[in-house]
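A.B. asks: Protein sequence lines correspond, in order, to chains A and B. Note that the working numbering numbers the first sequence so that position 81 is 69, with each residue one more than the last. Note that the working numbering numbers the second sequence so that position 18 is 6, with each residue one more than the last. Pasting a structure below so you can have a look.
There are 2 protein chains.
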Amino acid sequence: MTTRIVELRRGILKKNDELAAGLRASYAAAGVLVLNLVSSPGTGKTTFLERTLRELKARGSRVAALVGDLETDNDARRLATSGAPVRQINTHGICHLDAEMIGRHLESWEDVTLDGLDFLFIENVGNLVCPSSYDLGEKIRVVLLSVTEGEDKPLKYPAMFNSADAAVITKIDIAEVCGYDRELALRNINEIRPGIRIFETSAKTGAGMEEWLGYLADERSRRN
Amino acid sequence: MTTRIVELRRGILKKNDELAAGLRASYAAAGVLVLNLVSSPGTGKTTFLERTLRELKARGSRVAALVGDLETDNDARRLATSGAPVRQINTHGICHLDAEMIGRHLESWEDVTLDGLDFLFIENVGNLVCPSSYDLGEKIRVVLLSVTEGEDKPLKYPAMFNSADAAVITKIDIAEVCGYDRELALRNINEIRPGIRIFETSAKTGAGMEEWLGYLADERSRRN
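Given below as structure tokens:
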């Protein structure tokens, strides 16, 4: 049983990688920078992304978001308050987004075409394990970690942190009351993914957002 | 491909259910109350469990814990400070504990036999999705949710909340600074799992711990 599952799993991931390669090529052809946001449930992906979308729009960027959840369209409704086009993907029990889901939703999205966008954000299902294996064709995978979660998460979920291109610490406005140990968190992230770019942010106060938005602008211009 | 995976998955879950039924029978024969603690990463399962173990020991109960993580034995080391026997299960990439892992670790655990215990706690891998499908033979599944995670988690992860027998809200000492909406959180839990017993706790201040320990004592005496 186990061997068959491993083989099938390998087959599924290979198929996903092929679809992701196709998506990556179409993102590049359209000149859109695609980011995949991954984290534990409750890290604050939606709040962080909502502020990012609003600020990018205010600077004249063309942005959109796909958001994955097992159930509900709560997050799509929250993100839509930014004014950006947003589409909810309900996975109905599946613990991650995959390239097929992304391709299917992009194809049938009437309001949005890739070449009309500067940035496309994909907010993954809240899960620090399974989404690490599924390439969505993104250019940048962003792992988020809140100050409330414990500084050892990079060591305990190494595959996710190791596959990320950037890390965002969220909720730094409540760092002190949570007894957050900044040195230790940064050291643990760097142990798993040495030299990764780290942003320390609060979507509530706006701390760290300028640096993050500057990074997005740099990455976008580098790719065009 | 998808049909074959669904069939194989069904086979794996059926096999797990059979093993779990065997475990359940051996827990009952030994008269040990077994609890399976599930939550998102960073909810505070380990801190809550450490305090629970310490308080139960102080009251003369015989307790032990198995703790699952992808990597590291950080949690086992933290829990062991309670003085209780603790064993780490590293899943090396697997996103949940299963009945086979529990059986294997119990069998080879030299310090502990089931009939020498009043309570056995199993701390699952931090994941609000996948562990919901895997019965570990436990009598009580406890889902934990911290005040930092967002009140809508029960609606977004219904399978986990729906399969739980009790819910524990953690970190209520920082509820106010997090803007936690208590009414909404309780309403959402009750919408998915009407009438579930809910404990509002802080392992830091001790709030709610008496009620939780009373519940454990009641459940334990009911089963013997």
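For every residue, glycine included, the Cβ atom is placed at its ideal position computed from N, Cα and C.
Contact criterion: CB-CB distance below 8 angstroms. Does B:Arg145 meet it with respect to chain A?
C.D. replies: To locate residue 145 of chain B, count along the second sequence from 1; it is residue 157. A small correction: the amino acid at residue 145 of chain B is Tyr; Arg does not occupy that position in the sequence shown. So yes, B:Tyr145 belongs to the interface.
A.B. asks: Do B:Val20 and B:Leu105 have their beta-carbon atoms positioned less than 8 angstroms apart in this structure?
C.D. replies: Your numbering for residue 105 of chain B matches position 117 in the second sequence. Your numbering for residue 20 of chain B matches position 32 in the second sequence. Contact: yes.
A.B. asks: Quick one: using the 10 Å Cβ neighbour count with 16 as the cut-off for buried, is A:Asn150 buried or exposed?
C.D. replies: Locating residue 150 of chain A in the first sequence gives position 162, counting from the first residue. Label assigned to A:Asn150: exposed.
A.B. asks: Given a cut-off of 8 angstroms on the beta-carbon distance, is the pair A:Leu54 and A:Ile77 in contact?
C.D. replies: For the purposes of this step, residue 54 of chain A is taken as the residue at position 66 of the first sequence. For the purposes of this step, residue 77 of chain A is taken as the residue at position 89 of the first sequence. Contact: yes.
A.B. asks: Please work out which residues of its chain come closer than 6 angstroms, Cβ to Cβ, to A:Tyr122, disregarding the five sequence neighbours upstream and downstream, and give them in chain order.
C.D. replies: Along the first sequence, read from residue 1 onward, the residue named residue 122 of chain A stands at position 134. Excluding sequence neighbours, A:Tyr122 sits near Asn4, His84, Asp86.
A.B. asks: How would you list, in chain order, the residues of chain B whose beta-carbon sits under 7 angstroms from the beta-carbon of A:Glu137?
C.D. replies: Start at 1 with the first residue of the first sequence, and residue 137 of chain A comes out as number 149. Near A:Glu137 (Cβ distances below 7 angstroms), the residues of chain B are Pro29, Gly30.
A.B. asks: Going along the region 82 to 102 of chain A in order, which residues come within less than 7 angstroms of chain B, judged by CB to CB distance?
C.D. replies: Cys83
A.B. asks: Taking the beta strand (DSSP E) that A:Gly56 belongs to, which residues open and close that run?
C.D. replies: For the purposes of this step, residue 56 of chain A is taken as the residue at position 68 of the first sequence. First-last of the beta strand (DSSP E) with A:Gly56: 51 to 57.
A.B. asks: Check whether the region 66 to 77 of chain A touches the region 36 to 52 of chain A, counting contact only when three or more Cβ pairs, one atom from each stretch, lie closer than 8 angstroms.
C.D. replies: yes
A.B. asks: Label B:Thr193 either buried or exposed according to how many other C-beta atoms from any shown protein chain fall within 10 Å of its C-beta, with 16 as the threshold for buried.
C.D. replies: In the second sequence, residue 193 of chain B corresponds to position 205, counting from 1. B:Thr193 comes out exposed.
A.B. asks: I'd like the list of long-range same chain contacts for B:Ala173, defined as Cβ closer than 6 angstroms, with 5 residues on each side in sequence excluded.
C.D. replies: The residue given as residue 173 of chain B occupies position 185 in the second sequence. Answer for B:Ala173: Glu139, listed in chain order.
A.B. asks: Is B:Glu188 helix, strand or coil when you go by DSSP?
C.D. replies: As a working mapping, residue 188 of chain B is identified with position 200 in the second sequence. DSSP, read as helix, strand or coil, puts B:Glu188 in strand.
A.B. asks: Under 8 angstroms Cβ-Cβ, which residues of chain B neighbour A:Ser134?
C.D. replies: Locating residue 134 of chain A in the first sequence gives position 146, where the first residue counts as 1. By Cβ distance, chain B contributes Gly30, Thr136.
A.B. asks: Hey, out of A:Leu108, A:Arg47, A:Asn112, whose CA is closest to A:Leu58's CA?
C.D. replies: Taking the first residue of the first sequence as position 1, residue 58 of chain A is located at position 70. Considering only alpha carbons, the answer is A:Asn112.
A.B. asks: Considering Cα atoms alone, identify which of B:Val131, B:Ile186, B:Gly125 is closest to B:Val117.
C.D. replies: Here the question's residue 117 of chain B lines up with position 129 in the second sequence. Comparing alpha carbon positions, the residue from B:Val131, B:Ile186, B:Gly125 closest to B:Val117 is B:Val131.
A.B. asks: Drop a sphere of 10 angstroms on the beta-carbon of B:Val(-6), count the other beta-carbons inside from all chains shown, and report buried for 16 or more, exposed for fewer.
C.D. replies: Locating residue -6 of chain B in the second sequence gives position 6, counting from the first residue. Exposed.
A.B. asks: Would a check of beta-carbon distances place B:Ile177 closer than 8 angstroms to chain A?
C.D. replies: Here residue 177 of chain B refers to the residue found at position 189 of the second sequence. Output row for B:Ile177: interface = no.
A.B. asks: Rounding to the nearest angstrom, what Cα-Cα distance links A:Ala191 and A:Ser27 in this structure?
C.D. replies: The residue labelled residue 191 of chain A in the question sits at position 203 within the first sequence. The residue labelled residue 27 of chain A in the question sits at position 39 within the first sequence. Cα to Cα, A:Ala191 sits roughly 16 angstroms from A:Ser27.
A.B. asks: Per DSSP, A:Leu21 forms a beta bridge with which residues?
C.D. replies: In the first sequence, residue 21 of chain A corresponds to position 33, counting from 1. Answer is A:Phe107.
A.B. asks: With DSSP run on the structure shown, which of helix, strand or coil describes B:Arg92?
C.D. replies: Taking the first residue of the second sequence as 1, we reach residue 92 of chain B at position 104. Helix.
A.B. asks: Cα separation between B:Arg(-3) and A:Ser120?
C.D. replies: Looking up residue -3 of chain B in the second sequence gives position 9. Looking up residue 120 of chain A in the first sequence gives position 132. If I take the Cα positions, the gap works out to 20 angstroms.
A.B. asks: For A:Ala52 and B:Ser209, what's the separation of their Cα atoms in angstroms?
C.D. replies: One-based indexing of the first sequence puts residue 52 of chain A at position 64. One-based indexing of the second sequence puts residue 209 of chain B at position 221. Taking the Cα positions, A:Ala52 is about 56 angstroms away from B:Ser209.
A.B. asks: The alpha helix (DSSP H) that contains A:Ser209, what's its start and end?
C.D. replies: Residue 209 of chain A sits at position 221 when you count from the first residue of the first sequence. Run containing A:Ser209: 197 to 210, per the alpha helix (DSSP H) assignment.
A.B. asks: Taking only three categories from DSSP, how would you classify A:Asn115?
C.D. replies: Your numbering for residue 115 of chain A matches position 127 in the first sequence. Coil at A:Asn115, not helix or strand.
A.B. asks: Are the CB atoms of B:Pro8 and B:Leu124 nearer to each other than 8 angstroms?
C.D. replies: Taking the first residue of the second sequence as 1, we reach residue 8 of chain B at position 20. Taking the first residue of the second sequence as 1, we reach residue 124 of chain B at position 136. Going by the sequence as given, residue 8 of chain B is Ala instead of Pro. Cβ atoms of B:Ala8 and B:Leu124: closer than 8 angstroms.
A.B. asks: Does the beta carbon of A:Asp57 sit closer than 8 angstroms to a beta carbon anywhere in chain B?
C.D. replies: Here residue 57 of chain A refers to the residue found at position 69 when the first sequence is read from its first residue. Put simply, the CB of A:Asp57 is near chain B, with a gap under 8 angstroms to one of its CB atoms.
A.B. asks: Nearest CA to the CA of B:Pro29: which residue from B:Glu137, B:Glu164, B:Ile0?
C.D. replies: In the second sequence, residue 29 of chain B corresponds to position 41, counting from 1. It is B:Glu137 whose Cα lies nearest to the Cα of B:Pro29.
A.B. asks: Given a cut-off of 8 angstroms, decide if B:Leu23 and B:Ile128 are closer than it, judged by their beta-carbon atoms.
C.D. replies: Residue numbering aside, residue 128 of chain B sits at position 140 when the second sequence is read from its first letter. Residue numbering aside, residue 23 of chain B sits at position 35 when the second sequence is read from its first letter. Result yes, Cβ atoms of B:Ile128 and B:Leu23 sit closer than 8 angstroms.
A.B. asks: Using a cut-off of 8 angstroms between C-beta atoms, extract the partners of B:Leu116 located in chain A.
C.D. replies: Residue numbering aside, residue 116 of chain B sits at position 128 when the second sequence is read from its first letter. Near B:Leu116 (Cβ distances below 8 angstroms), the residues of chain A are Pro29, Gly114, Asn115.
A.B. asks: Taking Cβ-Cβ distances shorter than 9 angstroms, what residues in chain A pair up with B:Leu(-4)?
C.D. replies: Here residue -4 of chain B corresponds to residue number 8 of the second sequence, with the count starting at 1. Here the neighbours are Met(-11), Arg(-8), Ile(-7), Leu(-4).
A.B. asks: Quick one, which of A:Gly48, A:Thr60, A:Gly32, A:Leu44 has its alpha-carbon nearest B:Pro146's?
C.D. replies: Translated into positions along the second sequence, residue 146 of chain B becomes position 158. Checking every option, the nearest Cα to that of B:Pro146 belongs to A:Thr60.
A.B. asks: Quick check on B:Leu41: does DSSP put it in helix, strand or coil?
C.D. replies: Position 53 of the second sequence holds residue 41 of chain B. If DSSP states are grouped into helix, strand and coil, B:Leu41 belongs with the helices.
A.B. asks: Does any residue of chain B have a CB that is nearer than 8 angstroms to the CB of A:Asp169?
C.D. replies: As a working mapping, residue 169 of chain A is identified with position 181 in the first sequence. No, A:Asp169 lies away from the interface with chain B (no Cβ there is under 8 angstroms from its Cβ).
A.B. asks: For chain B, find out if any of its Cβ atoms is closer than 8 angstroms to the Cβ of A:Asn150; answer yes or no.
C.D. replies: Position 162 of the first sequence, counting from 1, holds the residue named residue 150 of chain A. No - not a single Cβ of chain B is within 8 angstroms of the one on A:Asn150.
A.B. asks: Apart from the five residues on each side of it in sequence, which residues of its chain come closer than 8 angstroms, Cβ to Cβ, to A:Gly91?
C.D. replies: Position 103 of the first sequence, counted from the first residue, corresponds to residue 91 of chain A. Result list for A:Gly91: Leu7, Gly10, Leu11, in chain order.
A.B. asks: Mapping the DSSP letters down to three states, classify A:Thr34 as helix, strand or coil.
C.D. replies: Stepping through the first sequence from its first residue, residue 34 of chain A is reached at position 46. In the structure shown, A:Thr34 sits in a helix (DSSP, three-state: H, G or I).
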